[in-house]
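> Position 23 of the sequence shown, counted from 1, bears residue number 23 in UniProt numbering, the numbering being contiguous throughout.
Every residue gets a Cβ at the ideal spot worked out from N, C-alpha and C, and that includes glycine.
Source: prediction; values computed, not measured.
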Amino acid sequence: MKIIVDANLCEGNGVCEGIAPELFRLDSGGQLHVHAASDPTAEQRDRAARAVRYCPKGALRLVEDDHPIHQPERTQP
Ligand code: SF4
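(1) Can you tell me where the alpha helix (DSSP H) with E43 in it begins and where it stops?
(2) Per the DSSP calculation, L62 is bridged to which residue(s)?
(3) Spatial neighbours of L32 within its chain, please: C-beta separation below 7 Å, excluding the five flanking residues on both sides.
(4) Could you tell me if R47 is buried or exposed, where buried requires 16 or more neighbouring beta carbons within 10 angstroms of its beta carbon?
(5) Whose C-beta lies closer than 8 Å to the C-beta of V15 among residues of the same chain, with five residues either side of it excluded?
Okay, here's the thing in C-alpha cells:
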C-alpha cells in the first residue's frame with residue numbers, strides 16, 4: 001500500500017493526521033510526511049482509506065503495491 005500526496009493540493013490542515021496519526025505526520029513547517037506500511041493491517045488500511053476520503057482538498061490517493069500508478073505516456077513534441 002502506498003499513499004500519494006499531491007503537495008500542490010495539500011493545505012496542511014491535519015485532517016489525515018487526526019484520522020491516522022501512525023500514517024500521517026505534519027512537521028512544524030506544515031509539511032506532511034507519510035509512513036505507509038508495505039504490509040498494513042486491515043485497521044491501517046481502513047484508516048488510510050478514510051483519510052483519503054475525508055481529505056478536504058482531495059490531495060491523497062491510495063495505491064496498492066501490485067497496481068502501479070498509471071502515468072500517461074509522454075508524447076514527443
Ligand atoms: S487532510 Fe489533505 S489537505 Fe489536510 S494535511 Fe492531509 S493531505 Fe493535506
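This is what the structure gives:
(1) Translated into the one-based positions of the sequence shown, residue 43 becomes position 43. Unbroken alpha helix (DSSP H) run through E43: A42 to Y54.
(2) As a working mapping, residue 62 is identified with position 62 in the sequence shown. Per DSSP, I3.
(3) The residue given as residue 32 occupies position 32 in the sequence shown. Excluding sequence neighbours, L32 sits near V5, C10, G12, F24 and L26.
(4) Against the sequence shown, residue 47 aligns to sequence position 47. It counts as buried.
(5) On the sequence shown, residue 15 is found 15 positions in, with the first residue counted as 1. If we look at V15 and ignore the five residues flanking it on each side, its Cβ neighbours are A51, Y54, C55 and P56.
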